[in-house]
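I have placed the structure first, in the form of structure tokens, so that the comments after it can refer back to it.
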Amino acid sequence: MCPEKELLSAYYDGELESPWSDRIRDHLKICEECAAKINGFKELSIFLKSDSEPSVAEVMGRVRQTIQAPEYKWRSHLWDRRVSLPMPLLAVAAVFLIVVGFLFAYRVAVPVSTPSQVIVSTDNSGRTELQISAPVQDMETLIKLLEEQGSFEEVIFQLPSEGEIWSQGEPELIRAVDFNRSGQ
Amino acid sequence: MNVESSSKLSFEIIYESLFSVIYRVAYRIVGDSAMAEDMTHDAFIKLYQRNEALPDLNQTKYWLIRVVKNMSFNYSKRKQRERRAYDKFKDRVPVFEESGEDVVLKKESKNLVKDALEQLPHNLRVVLILKEYAGMNYREIGETLGISEGNVKVRVFRAREKLSQIMKEVM
Ligand SMILES: [Zn+2]
Numbered sequence: 000m001c002p003e004k005e006l007l008s009a010y011y012d013g014e015l016e017s018p019w020s021d022r023i024r025d026h027l028k029i030c031e032e033c034a035a036k037i038n039g040f041k042e043l044s045i046f047l048k049s050d051s052e053p054s055v056a057e058v059m060g061r062v063r064q065t066i067q068a069p070e071y072k073w074r075s076h077l078w079d080r081r082v083s084l085p086m087p088l089l090a091v092a093a094v095f096l097i098v099v100g101f102l103f104a105y106r107v108a109v110p111v112s113t114p115s116q117v118i119v120s121t122d123n124s125g126r127t128e129l130q131i132s133a134p135v136q137d138m139e140t141l142i143k144l145l146e147e148q149g150s151f152e153e154v155i156f157q158l159p160s161e162g163e164i165w166s167q168g169e170p171e172l173i174r175a176v177d178f179n180r181s182g183q
Numbered sequence: 000m001n002v003e004s005s006s007k008l009s010f011e012i013i014y015e016s017l018f019s020v021i022y023r024v025a026y027r028i029v030g031d032s033a034m035a036e037d038m039t040h041d042a043f044i045k046l047y048q049r050n051e052a053l054p055d056l057n058q059t060k061y062w063l064i065r066v067v068k069n070m071s072f073n074y075s076k077r078k079q080r081e082r083r084a085y086d087k088f089k090d091r092v093p094v095f096e097e098s099g100e101d102v103v104l105k106k107e108s109k110n111l112v113k114d115a116l117e118q119l120p121h122n123l124r125v126v127l128i129l130k131e132y133a134g135m136n137y138r139e140i141g142e143t144l145g146i147s148e149g150n151v152k153v154r155v156f157r158a159r160e161k162l163s164q165i166m167k168e169v170m
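Heads up: the sequence lines are chains A and B, in that order.
Heads up, the first sequence is in numbering that gives the first Met the number 0, so the first residue is 0 and it goes up one at a time.
Heads up, the second sequence is in numbering that gives the first Met the number 0, so the first residue is 0 and it goes up one at a time.
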């Protein structure tokens with residue numbers, strides 16, 4: 000008789016004691032169905048590790064810096080973060096995108112349609128600042144791309160100060176648009 | 000004895016040995032690298048500010064995972080809330096058609112693993128992540144989450160069943 004699937008899963012995790020695990024091992028030799036089940040678990044583990052993970056070393060250094068900073072500088076990063084950007088909403092609004100990065104000739108492949116204005120400037124500390132004023136079609140993709148390209152110190156999204164859209168907006172939505180991804 | 004320097008030293012050891020597993024767990028729970036960074040950051044600050052020391056490295060690890068897990072849970076609740084606020088607002092403004100290019104970009108950035116994990120209920124997802132990514136055994140997972148080993152066994156299995164279903168749908 001076949002063992003319960005739950006037991007097979009525990010066997011796969013090496014969680015069964017000797018008499019049980021031996022019995023299952025023997026059973027797997029003669030039962031294709033259970034062997035296939037185990038194989039399924041294996042495939043699942045492989046699938047779960049099939050994508051790339053962000054590099055820990057980089058993050059570790061960044062976080063260490065803030066922890067080593069004087070205590071008064073500590074603040075929760077998490078609750079500063081503006082969550083759940085109301086992306087499609089921005090499709091209807093022009094967005095000022097300010098990208099501050101180290102790279103000079105950085106070609107920003109951002110999914111904005113017909114930027115109406117791009118200003119590139121270098122401030123006195125040698126950082127390049129890109130100001131793009133354009134309607135953004137897909138905020139989520141834009142943010143993802145910017146994060147993947149990763150060489151930005153700071154990315155600020157601003158909504159135009161005027162525009163009727165905000166007269167009917169809710170305060171939390173305006174707040175949510177201010178996305179700050181700072182390396183500090 | 001200099002209490003401060005000895006506790007600082009142990010913090011450094013804790014940081015070195017546990018950062019990567021905590022970050023990895025956080026990343027898999029929220030599926031967003033920046034968010035995971037912030038959660039890991041906050042968890043270690045919390046640890047640093049903690050008055051009583053935790054008995055050993057393992058207990059410290061369990062504690063940090065619990066902190067990260069609770070943060071992610073609160074975060075997803077907050078996200079739902081803001082999503083609802085947004086949905087209410089959305090109907091009142093016109094939305095542009097997506098161009099073909101945008102659709103392509105979206106497909107490229109799609110991550111099957113992340114999408115699959117996201118579809119698991121929080122309590123199953125966390126258990127499976129601790130098993131598969133943190134390499135913890137049932138006893139350790141149970142101790143971290145305050146549930147029995149038997150319960151861990153059930154949840155790991157259910158998470159796997161559910162994930163196989165999800166995979167069949169997406170692949
Ligand atoms: Zn069988």
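Virtual Cβ for every residue (Gly too), placed ideally from N, Cα, C.
Note that the coordinates shown come from a computational prediction; the quantities given were computed from them, not determined experimentally.
Can you list the residues of chain A that residue i reaches, using a CB-CB cut of under 8 Å?
| i | result |
| --- | --- |
| Lys130/B | Asp12 |
| Thr143/B | Those do not exist, as Thr143/B stays about 16 Å from chain A at its closest Cβ, beyond 8 Å. |
| Arg65/B | None at all; the shortest Cβ gap to chain A is about 15 Å. |
| Asn110/B | Asp50 |
| Ser19/B | Val55, Met59 |
In the structure shown, what three-state DSSP assignment does residue i receive?
| i | result |
| --- | --- |
| Gly60/A | helix |
| Glu45/A | One detail in the question is off: residue 45/A reads as Ile in this sequence, not Glu. Reduced to three states, the DSSP call for Ile45/A is helix. |
| Tyr61/B | helix |
| Gly99/B | Residue placement at Gly99/B cannot be trusted, given a pLDDT of 44 that sits under 50; what the coordinates show is reported in the next sentence. Residue state, collapsed to three classes: helix. |
| Pro18/A | helix |
| Ile146/B | coil |
| Ser54/A | coil |
| Met0/A | coil |
| Leu162/B | helix |
| Cys186/A | Past the boundaries of the shown model lies residue 186/A; chain A is included only from 0 to 183, so the question cannot be answered. |
| Gly13/A | coil |
Check the Cβ of residue i against every Cβ in chain B and list those closer than 7 Å, keeping chain order.
| i | result |
| --- | --- |
| Glu5/A | Lys152, Val153, Phe156 |
| Leu27/A | Residues of chain B passing the Cβ test: none, with the nearest at roughly 17 Å. |
| Ser44/A | Glu131 |
Give the range of the alpha helix (DSSP H) segment to which residue i is assigned.
| i | result |
| --- | --- |
| Ala133/B | Note, Ala133/B: premise wrong, no alpha helix (DSSP H); not H, not E. |
| Leu46/B | 32-48 |
| Asp114/B | 111-117 |
| Leu53/B | Run containing Leu53/B: none; DSSP gives neither H nor E here. |
Could you name the residues of chain A that residue i contacts, counting a contact when the two beta carbons are closer than 9 Å?
| i | result |
| --- | --- |
| Glu36/B | Pro53, Val58, Arg61, Val62, His76 |
At a CB-CB cut-off below 9 Å, which residues of chain B make contact with residue i?
| i | result |
| --- | --- |
| Ala9/A | Tyr137, Lys152, Val155, Phe156 |
With residue i and residue j assumed to form a contact (beta carbons below 8 Å), what rounded beta-carbon distance in angstroms separates them?
| i | j | result |
| --- | --- | --- |
| Leu43/A | Leu111/B | The pair is not a contact, with the Cβ atoms about 12 Å apart (cut-off 8 Å). |
| Ala35/B | Tyr22/B | 6 Å |
Give the interface partners of residue i over in chain B, defined as CB-CB distance under 8 Å, in chain order.
| i | result |
| --- | --- |
| Ile66/A | Tyr14, His40, Phe43, Ile44, Tyr47 |
Closer than 7 Å by beta-carbon distance: list the chain A residues that pair up with residue i, in chain order.
| i | result |
| --- | --- |
| Arg159/B | Ser8, Phe40, Leu43 |
Checklist entry - Can we say the segment 33-41 of chain A touches the segment 11-23 of chain B, given the rule of at least three CB pairs closer than 8 Å? => result no
Next on the checklist: When you compare the segment 1-11 of chain A with the segment 119-127 of chain B, are there three or more beta-carbon pairs, one atom per stretch, that lie closer than 8 Å?
Outcome noted: no
Checklist entry - Quick check: the segment 23-37 of chain B against the segment 115-124 of chain B, are there 3 or more CB pairs under 8 Å? => result yes
Checklist entry - Three or more C-beta pairs closer than 8 Å, one from the segment 127-143 of chain B and one from the segment 45-55 of chain B: is that the case here? => result no
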